[in-house]
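Report on one structure; see the data block that follows.
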Amino acid sequence: MIQRIQTIWLLLAAAASFASLKLSFYSGKKDAVLFEQLSGSTGGFLLLVLTVAVALLAVVSIFLFKNRKLQMRLSLAGLVLQLAVLFLYIQKTAVFIEGNYTLTSVFSFVVPVFFLLAVLGIRKDEKLIKSMDRLR
1 MIQRIQTIWL LLAAAASFAS LKLSFYSGKK DAVLFEQLSG STGGFLLLVL TVAVALLAVV
61 SIFLFKNRKL QMRLSLAGLV LQLAVLFLYI QKTAVFIEGN YTLTSVFSFV VPVFFLLAVL
121 GIRKDEKLIK SMDRLR
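Under UniProt numbering, the first residue of the sequence shown is numbered 1, with each subsequent residue one higher.
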C-alpha cells in the first residue's frame, strides 16, 4: 500500500485539506472597522462539510488500493469536490471590501493537484496490471 506513489499523493491531499480547515484562506475587512479571516471552519456550513468530505475521500481512497477502479472514481470525486470548494472560497471573498489571499491559501490550491497526481498514479498501475495480464 505505501509503496505506491498515489498513496503519498492521497495522504498529502488529506493533510492539506485538513490543514485548510484551520488555516485562513483570505483576510480583509468586511466593514469599515471589522477585520476578518476566511477559513474552512469560518466560511459556512457548506464549506465546512465539503472540506471535510474532500479530506475523508482522500483518506478512504488510500485504503482502497485493491480496488483501483473505485479508488480512481473516489479520487476524481475528490478532485471535483475540491474545485467546488475553491469556487465557494473565491465566491465568499467577494463580500470583503478589501483584503488579500493569505499564504496558507496554498493548501487549498494544491489539493486538486495532489488528487490529479494520484489519479495519474492509479492509471499507471492499471496499465501495468493490464500489460502483465497480456503476458500470461
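C-beta atoms are modelled at their ideal positions from N, C-alpha and C, and glycine is treated no differently.
As the crow flies, the alpha-carbon of V119 is around 9 Å from that of L10.
As computed with DSSP, F35 is found in a beta bridge with K29. Ranked by how close their Cα comes to the Cα of G28, the residues A15, V113 and I97 have I97 in first place. The beta-carbon distance between S105 and F25, rounded to whole angstroms, is 5 Å. This is short enough to meet the 8 Å contact definition. V95 and L50 have their C-alpha atoms some 20 Å from each other.
For G78, there is no enclosing beta strand (DSSP E); the enclosing alpha helix (DSSP H) has its first and last residue at R68 to K92.
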